[in-house]
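Single-structure report; data block below.
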Amino acid sequence: MSGRTIDYLRISLTDRCNLRCRYCMPCAVPSVPMDEVLAYEEICEITRAAALEGIHHVRVTGGEPLVRKGCPDCVRMLKEIPGIETVMLTTNGVLLKEALPELLLAGIDGINISLDTLKREKYREITGYDGLPHVLEAIEACVKAGIRTKINVVAAREINETEIVNLAELSKQYPVDVRFIEMMPIGYGKCFHGLDNREVLSQLKERYPGLTEAKTVPGAGYGPAVYVQIPGFPGRTGLISPIHGKFCKDCNRLRLTSVGRLKYCLCYEDSEDLRALVRSPEEVEKRQEKIRKVFREATDRKPGEHRFEEMEQISEKKKMHEIGG
Numbered sequence: 014m015s016g017r018t019i020d021y022l023r024i025s026l027t028d029r030c031n032l033r034c035r036y037c038m039p040c041a042v043p044s045v046p047m048d049e050v051l052a053y054e055e056i057c058e059i060t061r062a063a064a065l066e067g068i069h070h071v072r073v074t075g076g077e078p079l080v081r082k083g084c085p086d087c088v089r090m091l092k093e094i095p096g097i098e099t100v101m102l103t104t105n106g107v108l109l110k111e112a113l114p115e116l117l118l119a120g121i122d123g124i125n126i127s128l129d130t131l132k133r134e135k136y137r138e139i140t141g142y143d144g145l146p147h148v149l150e151a152i153e154a155c156v157k158a159g160i161r162t163k164i165n166v167v168a169a170r171e172i173n174e175t176e177i178v179n180l181a182e183l184s185k186q187y188p189v190d191v192r193f194i195e196m197m198p199i200g201y202g203k204c205f206h207g208l209d210n211r212e213v214l215s216q217l218k219e220r221y222p223g224l225t226e227a228k229t230v231p232g233a234g235y236g237p238a239v240y241v242q243i244p245g246f247p248g249r250t251g252l253i254s255p256i257h258g259k260f261c262k263d264c265n266r267l268r269l270t271s272v273g274r275l276k277y278c279l280c281y282e283d284s285e286d287l288r289a290l291v292r293s294p295e296e297v298e299k300r301q302e303k304i305r306k307v308f309r310e311a312t313d314r315k316p317g318e319h320r321f322e323e324m325e326q327i328s329e330k331k332k333m334h335e336i337g338g
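Under this note's numbering, the first residue of the sequence shown carries the number 14, and numbering increases by one thereafter.
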C-alpha cells in the first residue's frame with residue numbers, strides 16, 4: 014500500500030524473557046540458539062541501510078531486551094548511525110533500574126515500561142514472578158533521571174478490568190504517559206478477552222468527567238496513541254486501539270525479529286529474510302544495496318490493513334515474543 018511514510022523500525026534483540034506473562038509466553042519454551050540471533054553489528058548494518066531509506070526512529074524490544082548482555086552497547090551503536098534521530102526501549106522494567114545508568118550514557122531517548130497491574134499478587138499471577146516492586150522502583154528512577162517515560166498496559170478482562178482508573182492515576186503520581194493497549198489476537202493472546210478501549214475511556218470519563226483531549230507534546234512519540242488529559246495530572250492517558258480503532262492507513266512501522274526477518278504487519282506471516290543478506294559473503298556495499306532495496310519496497314509490501322477481527326484471516330502463527338513486542 015503506497016502513500017504511507019515508513020520511518021520507524023522496531024528491533025527485537027532476543028526472544029528470551031525473564032517473565033512468563035500468561036498472554037505472551039506463559040510457560041518455558043525453547044529459545045532460539047544464539048548463533049541464529051542477529052549480532053549487534055548485524056543489527057546496525059541493517060539499520061544503516063534502513064536509515065538511508067527513510068528510517069529515522071528505532072525502538073529496541075524483545076522478548077525482554079535487557080536480558081541480552083550488552084543491550085546498552087547496542088543502543089549506543091544505533092545512536093551513532095547517521096540518520097537515526099531517536100532510539101527508544103520497551104522493557105518489562107524488572108532489570109531496568111540497574112541498567113538505567115548505562116542506558117542514559119548510551120543516549121537512550123525514551124523508555125516504555127510494560128505494567129498490567131498494581132496489585133503485587135496479581136502481578137505474580139500474571140508474570141510468574143514477584144517483580145512489581147522492581148518495576149515501580151524503575152519507573153521512579155526513570156522519572157528522576159528526566160527520561161521520557163511511558164507505561165504500557167495491555168487491557169484485558171481477566172487481568173485488569175477493575176484497575177483501569179488506578180493504573181491511569183500513575184499519571185497523577187508521575188509525569189508519565191499511561192497507555193492502554195487493546196490486546197491483539199496473536200499467539201496466546203487469542204485465549205484472552207481484550208477490553209475495547211471505548212470501555213476504558215468510559216471508565217475514565219465516569220471517574221474524571223472533566224478529562225479533555227490532550228495537547229500534542231513535541232517529541233512525545235511516533236505511534237498511533239490518542240491521548241486524553243485528566244485535569245491536574247502532570248502526565249497523560251493514551252489509548253492505542255488496533256482492534257476497535259484501526260490506524261493501518263497511518264502505520265509507519267516495520268519490525269525486525271531477533272533472527273533477522275523483516276515483518277510488515279503483525280496479522281500476516283509475510284516477511285523478508287535479512288539475516289541471509291547481512292551474513293552473505295559479498296562485499297559490504299553489495300549487501301547494503303540489497304538490504305536497502307528491501308526497505309525501499311517495504312511500503313508496497315505492507316498490507317492495506319490488518320484483519321484481526323476475522324480470525325481465519327490471521328496467517329501469523331508465531332507468538333509475540335518470537336516476533337518482538
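Note that beta-carbon positions come from the ideal geometry of N, C-alpha and C, so glycine has one too.
Residue pairing by DSSP places Met47 opposite no residue, since no beta bridge is assigned to it. Gly159 counts as exposed, since fewer than 16 other C-beta atoms from the protein chains shown sit within 10 angstroms of its C-beta. Around the beta carbon of Arg266, a 10 Å sphere encloses 16 or more other beta carbons of the protein chains shown; the residue is thus reported as buried. When the alpha-carbon of Leu180 is set against those of Arg249, Val272, Leu113, the nearest one is in Arg249. Look at Glu55 here: in three-state DSSP terms it is helix. The residues Ala168, Phe193, Glu195, Leu252, Ile253, Ser254, His257, Gly258, in chain order, have a CB closer than 8 Å to that of Asn210 in the same chain once the five nearest residues on each side in sequence are set aside. Cβ contact annotation for Leu113 (same chain, cutoff 6 Å, sequence separation greater than five): Ala154, in chain order. A direct Cα-Cα distance of roughly 15 Å separates Tyr36 from Glu77. With a cutoff of 8 Å on beta-carbon distance, Gly223 and Pro247 are scored as not near each other. In the assembly as shown, Ser293 is an exposed residue. Its beta-carbon has fewer than 16 other beta-carbons within 10 Å.
Closest in C-alpha terms to Arg133, from the list Asp122, Pro146, Ser127, comes Pro146.
DSSP places Glu226 in the strand class (E or B) of the three-state scheme.
With fewer than 16 other Cβ atoms inside 10 Å of its own Cβ, Glu138 counts as exposed. Only residues of its own chain outside the window of five on either side were considered, and among them Ile243 have a CB closer than 7 Å to the CB of Tyr221, listed in chain order. Across the structure, Pro237 and Val156 are spaced so that their CA atoms are roughly 23 Å apart.
Secondary structure of Asn125 (DSSP, three-state): strand. Taking the Cα of Thr270 as reference, the smallest distance to any Cα among Met38, Ile59, Ala41, Pro39 is reached at Ile59. When secondary structure is reduced to three states using DSSP, Arg35 falls in the coil class, being assigned neither helix nor strand. Distance check between Thr74 and each of Met197, Thr27, Arg314, Leu208 places Thr27 closest, using alpha-carbon atoms only.
Distance from the CA of His69 to the CA of Leu116, rounded to the nearest whole angstrom, comes to 19 Å. At a Cβ-Cβ threshold of 8 Å, Ala64 and Pro95 count as neighbours. 8 Å or more divides the Cβ of Arg288 from the Cβ of Val307. A Cβ-Cβ contact shorter than 8 Å links Val166 with Val191.
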